[in-house]
Every structure is written in C-alpha cells, then in structure tokens.
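To start, the structure under review is shown below, and the notes come after it.
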Ligand SMILES: Cc1ncc(COP(=O)(O)O)c(C=O)c1O
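Residue numbers (our numbering): 329 to 706.
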C-alpha cells in the first residue's frame, strides 16, 4: 500500500532530536525553529517528559472515559493554575480541529443557535464546522459548505457591530485566533477582542478563543487573547499541550453546565495523554518557560526589525512572522537546505518562527547569523 500523498515533503528524514536540535539520517544537525508546527513546547525528548511517559506506559497507557482517571483531575487542576483559569472546566480531546469542533458545538448547545462568526485569514482546522470556519475555500469540501458561517474582515469593529445588529439573535459564537498563524502572524487588536467580548455579552453569544497555535504560553502569557484584558468563554488548545503526544482540550467558563454525553471521545484524556500534558506543564512552571518566551522572543523581534531586507516583523514572544519581499521568497529554503534551520511559512512570503519555549539566547543568535547568510544567497 502507498501513502496517500497529501503533503509536499522536504527530502529529509529526522532520526534523532534533543531540545531545539534535530539530526537527519545522514547525521546532519539542524536548529529547529519550527517545532514540527508549533508542537514542541518544552523541547524534543526532554528527560522529564520521557521519564513521565515511560513510567506511565509501564503502569497503564490507556483506558476509556468509562472509568475515573485521576490524571485528568490532576491535569485540570494544574492547567487551571498555570493558565490562571482555575474556575474553568476542562474537556479533553485529541487535536486542534476536534477542540474547535467541540467548542462550536458547546456554544450551539448553550444558546440553541446556529450561526458562527469567523474572520478573513482564519484557520481553525480541517474537519466539519472547523473547516467551514476556515478562510480557505480550497480545503472546504462541498459537504462542509454551510450558510451558518459568516466571514468578516479581521480587526474591523464596525463590521462586527453591523453583523450583530443584523443577525444578533441568531449568532451562536464568534471564533478567533489571538494571533493568526496560518494567516501570516497577524494579531487580533485589543479593541477588537474587547468588542467581541462586549457584543457576545450583549447578544448572549459565545466568545471562542482559538489558542491552538498562539496559546499554551507561546506568546509569554498562557492564552495570547488575554492581552486584551477580557476573558473568552471557551479557550481551545492543542499543539504545545503534549509536546508531540496528541492531546487537546477546551477550557470552559463556569456558566456552561455539562450533561452526560453532551460531548465525548474514545481517546481523549487517556492516561498517556494526561501524563504528557502534565510533564509539559511541570517543565513550563519549573523553568519559567513563559518568561523565557517573552525574553528570547522580544530579543529576536527587536534584532529582526534591524534587517533592511525584511518588510515587516510581526508577533509576540516565540510566535514570530518575518514578512519578506517577493524577491526573497527563496530564503526559507536556503535556511533549511544550506543553513540547516527549520522554520515554518505562511503564504505568500512569511517565515514563521515557532520554536520550543526554552529556546536559548545562543540559539537565537545562531539563527540571526544564519539568517544573515541565507539572505545573501540566491
Ligand atoms: C489556529 C489553529 N487552529 C486549529 C488548528 C488545527 O489543529 P489540528 O491540526 O491539531 O487539528 C490549527 C493547526 O494548525 C491552528 O493553527
């Protein structure tokens, strides 16, 4: 059987990884500023993480949600504390798209409405309603097409007010990334997030903060939306949560009341997934990784702003977009194949840096040196 080829692959096979370094099958070393798409949060093969997962696997790896799983309670308590949302409730699932599906569904159960507001440039996943709320017609199959999603311009308070004035009683939820990732590292403005909060309160709609990429401490605070000083009703998370082990969740405000089978999953919240998520939070707390993301991220952003060739630098903490002019669209490939640095990208010419949150100052400097060289190559 062949693989179903949906991914354009780089001809590199990674066989070993440690911290922010990975090695390919030929022994070549790379600096990983991509983290496998913002997933590696505490660094590859972190010893505490490896030990916690190994110990758990030797006890019990999986049982379903038909029995008590004490690790889920431990995880909810720890996550509540580290994220500053101790009064929220946690539902565990397996991926970012699934987290968003559940958030949108929960909102609809809550206010018994159907319409969702999403924004230009948004990415919320590839399934069902999550893909319908994603601004990319190429990945929306006919079966996913729906009139229930209203797309509005990003950061346009007036357009948002008008949509609520026109459809207010029908709007179930507003879903927004704190910083658009796939959309090119574009931050939601403080005024915009405040307007979402106000209008959701006024019309009894649900504010869903998609924190799948921008969350979990990447920007220096746990959920990047909270820079606006207002809280969302539901935060969705995945990627960095398990440092590579598939685990996702939604943090749900106290006003939502569960009933049996309202939401559900076979794999979500299994023992191994919880052990992975706990190991991540333990290291985040112990090593102050949010503090490091702020410090090293601010340094990188400042330094990158000094490059004449760069059109614009956007982002916060360790979620950084380097917007290059079209004639430098080859720089990302140079970084990977000649300078041996993994980075992400956003169309058309944005290099995305999404490294582990314990990226060192020395690694940041190494990148800046290599970036200078990559800019000079053809
Ligand atoms: C903001 C955002 N939401 C949702 C998703 C979907 O996550 P997953 O690929 O785990 O389903 C992504 C993935 O890139 C994302 O960036």
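Just so you know, even glycine gets a beta-carbon here, dropped at the ideal spot from N, CA and C.
Measure how close the beta-carbons of residue i and residue j come, nearest whole angstrom, since I'm counting them as under 8 angstroms.
i, j, result
"residue 368", "residue 571", "6 angstroms"
"residue 477", "residue 444", "5 angstroms"
"residue 399", "residue 407", "With 8 angstroms as the limit, residue 399 and residue 407 do not qualify as a contact, their Cβ atoms being about 12 angstroms apart."
"residue 652", "residue 679", "7 angstroms"
"residue 437", "residue 590", "6 angstroms"
"residue 649", "residue 674", "7 angstroms"
"residue 381", "residue 604", "6 angstroms"
"residue 461", "residue 524", "About 14 angstroms; that fails the 8 angstroms criterion."
"residue 607", "residue 372", "Not quite, the Cβ-Cβ distance comes to about 13 angstroms (not below 8 angstroms), so this is no contact."
"residue 458", "residue 534", "Not confirmed; about 15 angstroms, so no contact."
"residue 334", "residue 424", "Not quite, the Cβ-Cβ distance comes to about 17 angstroms (not below 8 angstroms), so this is no contact."
"residue 394", "residue 439", "No, residue 394 and residue 439 are not in contact; Cβ-Cβ is about 30 angstroms, not under 8 angstroms."
"residue 378", "residue 609", "About 16 angstroms; that fails the 8 angstroms criterion."
"residue 429", "residue 456", "6 angstroms"
Excluding the 5 residues preceding and the 5 following residue i in the sequence, name in chain order all residues of the same chain whose CB lies nearer than 8 angstroms to its CB.
i, result
"residue 463", "446, 447, 448, 449, 450, 451, 479, 511"
"residue 546", "366, 369, 552, 568, 621, 645, 646, 647, 682, 685"
"residue 357", "349, 350, 351, 668"
"residue 498", "441, 442, 443"
"residue 656", "637, 677, 703"
"residue 359", "348, 349, 668, 669, 670, 691, 694, 695, 698"
"residue 531", "492, 496, 497, 499"
"residue 481", "447, 448, 487"
So, at 7 angstroms on beta carbons, what are the nonlocal neighbours of residue i in its own chain, with the 5 sequence-adjacent residues on each side left out?
i, result
"residue 595", "422"
"residue 542", "505, 506, 507, 509, 552, 647"
"residue 671", "361, 362, 660, 663, 679, 680, 681"
"residue 549", "555, 618"
"residue 340", "352"
"residue 560", "535, 536, 537, 553"
Is residue i helix, strand or coil when you go by DSSP?
i, result
"residue 344", "strand"
"residue 377", "helix"
"residue 357", "strand"
"residue 541", "coil"
"residue 551", "coil"
"residue 585", "coil"
"residue 469", "coil"
"residue 659", "helix"
"residue 508", "strand"
"residue 640", "strand"
"residue 616", "coil"
"residue 515", "strand"
"residue 367", "coil"
"residue 397", "coil"
"residue 352", "strand"
"residue 410", "helix"
"residue 667", "coil"
Give me, in chain order, the residues of the same chain whose beta-carbon lies closer than 6 angstroms to that of residue i; leave out the 5 immediate sequence neighbours on both sides.
i, result
"residue 600", "384, 389"
"residue 707", "Residue 707 lies beyond the stretch modelled for the chain, which goes from 329 to 706, so this question has no answer here."
"residue 427", "421, 564, 566, 576, 578"
"residue 414", "408"
"residue 309", "For residue 309 there is no data in the structure shown, the boundaries of the chain being 329 and 706."
"residue 527", "492"
"residue 602", "399, 400, 403"
"residue 344", "351"
"residue 687", "348, 624"
Step through the CB atoms of chain C and report whether any lies within less than 9 angstroms of the CB of residue i.
i, result
"residue 344", "As a matter of chain content, chain C is missing from the structure shown, which is built from one protein chain."
Cβ contact (3+ pairs, closer than 8 angstroms) linking the segment 517-526 and the segment 482-489: With a cut-off of 8 angstroms, the segment 482-489 and the segment 517-526 count as touching, because enough Cβ pairs lie within range.
Any 3 or more C-beta pairs closer than 8 angstroms across the segment 639-646 and the segment 399-417: Flag = no, the segment 639-646 and the segment 399-417 do not touch.
The segment 622-631 in contact with the segment 662-670 per 3-pair CB rule at 8 angstroms: The segment 622-631 vs the segment 662-670: no contact.
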